[in-house]
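Enquirer: One structure, as structure tokens, below. Some questions next.
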Amino acid sequence: MARLRERGTRYGKALAALGAASVLTAGATGAAGAATPAAGQTGGARYVALGDSYTSGPGIPEQTGGDCARSSVNYPALTAKALGQTSFTDVSCSGATTDDMWRAQGENQPQLDALGKRTKLVTVGIGGNDIGFGSIIGTCAQLSVTDPAGAPCKKQYTAPDGTDQLTTRVNEAAPKIARVLKAVHERAPYAKVVLVGYPTIMPDSGASCFPAVPIAAGDAAYLRDTEKRLNTMLQEQARVAHVRFADTYGPTTGHDVCVPAADRWVEGVSPESPAAPFHPNAKGEQAMAGAVIARVRS
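Per our numbering: the sequence shown ends with 311, consecutive numbering throughout.
In structure tokens:
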């Protein structure tokens with residue numbers, strides 16, 4: 014038990030550090046470049062990809078984009094290739110929140126700056142960092158050893174009045190997503206827009222695979238439901254904004270962090286294929302690309 018506790022604490026601290034690093038990267042040089050060009054500027058590639066680390070593909074070879082950790086085979090790159098988009102700009106950046114659409118993030122300029130009147134396709138994958146993805150996973154990992162068969166993380170995020178704090182975070186992120194989609198329309202008025210959801214992370218049914226993945230049995234369902242709630246919110250915001258929604262959860266079900274490495278498209282705490290912890294590997298990005306391409310062509 015002591016060894017499990019030590020392992021959970023170590024994993025939790027590592028994942029919490031990953032989340033903290035994302036927040037720091039997102040806030041870096043936030044004041045610089047805060048002003049953006051007027052809506053509907055004349056520039057812009059024909060296809061522009063906006064988003065966070067689930068879009069950029071950190072850890073997947075080959076890496077580009079400096080601190081933003083973009084992969085040359087992330088879903089935007091694969092989508093551009095499949096659609097024959099030679100005019101393509103990927104400004105997705107690991108650690109991005111909705112605020113980073115309007116502010117510089119390290120060396121990455123405000124993501125919305127990449128849009129223009131010539132832009133015909135925009136994909137947007139954002140929202141996970143707005144609810145605190147990194148810190149949530151880190152907290153759940155640390156708590157898992159205190160009650161492996163229970164749901165200590167759910168207990169942690171349940172307020173004294175019984176309110177689920179993560180549900181509140183998802184609800185509070187909704188108007189932020191709406192604001193992003195409105196800004197995309199304003200800056201790229203002739204573009205087809207696809208809002209991209211998040212892939213399956215925890216098993217779609219049953220418990221977790223503790224201790225291989227340091228999430229308590231009951232918290233697997235809790236985190237799964239939270240992600241589904243986030244995806245449902247994104248789908249609703251896409252509907253209200255009259256844009257397309259690419260469901261990447263369904264196509265990746267059965268390829269979560271707990272399946273054998275050969276079938277895994279989202280890596281766990283210790284990736285066996287190149288990827289960031291709890292993020293898609295190359296197969297995961299390929300599956301996400303398939304969902305995006307289908308929505309673009311539909």
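The beta-carbon is built from N, C-alpha and C at its ideal position, and this holds for glycine as well. Just so we're clear, the structure is a prediction, and the values are computed from it rather than from any experiment.
Quick check: the Cα distance between C166 and P202, rounded to an integer number of angstroms?
Expert: One C-alpha to the other measures close to 43 Å.
Enquirer: What does the alpha-carbon distance come out to for the pair V272 and P284?
Expert: Their backbone Cα atoms lie some 12 Å apart in a straight line.
Enquirer: Using the DSSP secondary-structure output, state which residues sit across from G129 in a beta bridge.
Expert: In DSSP, G129 forms no bridge with anything.
Enquirer: Can you list, in chain order, the stretches of the beta strand (DSSP E) that have 3 or more residues and sit fully within the segment 59–95?
Expert: Counting only runs of 3 or more, we get 60–64.
Enquirer: Under three-state DSSP, which class holds G231?
Expert: Reduced to three states, the DSSP call for G231 is helix.
Enquirer: Run through DSSP, which three-state label would N121 get?
Expert: Strand.
Enquirer: Could you tell me the distance, in whole angstroms, from the CA atom of A351 to the CA atom of N294?
Expert: The displayed coordinates of the chain run from 14 to 311. Any statement about residue 351 would go beyond what the structure contains.
Enquirer: In terms of alpha-carbon separation, which member of A307, R308 and G64 lies closest to N121?
Expert: When only C-alpha atoms are compared, the closest one is G64.
Enquirer: Please go through the same chain and pick out, in chain order, the residues whose beta-carbon is closer than 8 Å to the beta-carbon of D113, but skip the five residues on each side of it.
Expert: Contacts found: A39, C106, N121, P123 and Q124.
Enquirer: Name the DSSP beta bridge partners of L208, please?
Expert: In the DSSP output, where bridge partners are listed per residue, L208 has V137 and F258.
Enquirer: Which word fits T68, buried or exposed, when buried means at least 16 other C-beta atoms lie within 10 angstroms of its C-beta?
Expert: When all chains shown are included, T68 counts as buried.
Enquirer: Could you spell out where the beta strand (DSSP E) holding F101 opens and where it closes?
Expert: Where F101 is concerned, the enclosing beta strand (DSSP E) stretches over F101 to D103.
Enquirer: Classify N244 as buried or exposed, calling it buried when 16 or more other Cβ atoms lie within 10 Å of its own Cβ.
Expert: Buried, by the Cβ-count rule.
Enquirer: Please determine, among L96, A127, I190 and P89, the residue with the shortest C-alpha to C-alpha distance to A58.
Expert: Considering only alpha carbons, the answer is A127.
Enquirer: With a threshold of 8 Å, are at least 3 pairs of Cβ atoms found where one atom belongs to the segment 186–204 and the other to the segment 248–261?
Expert: Verdict: yes, contact present.
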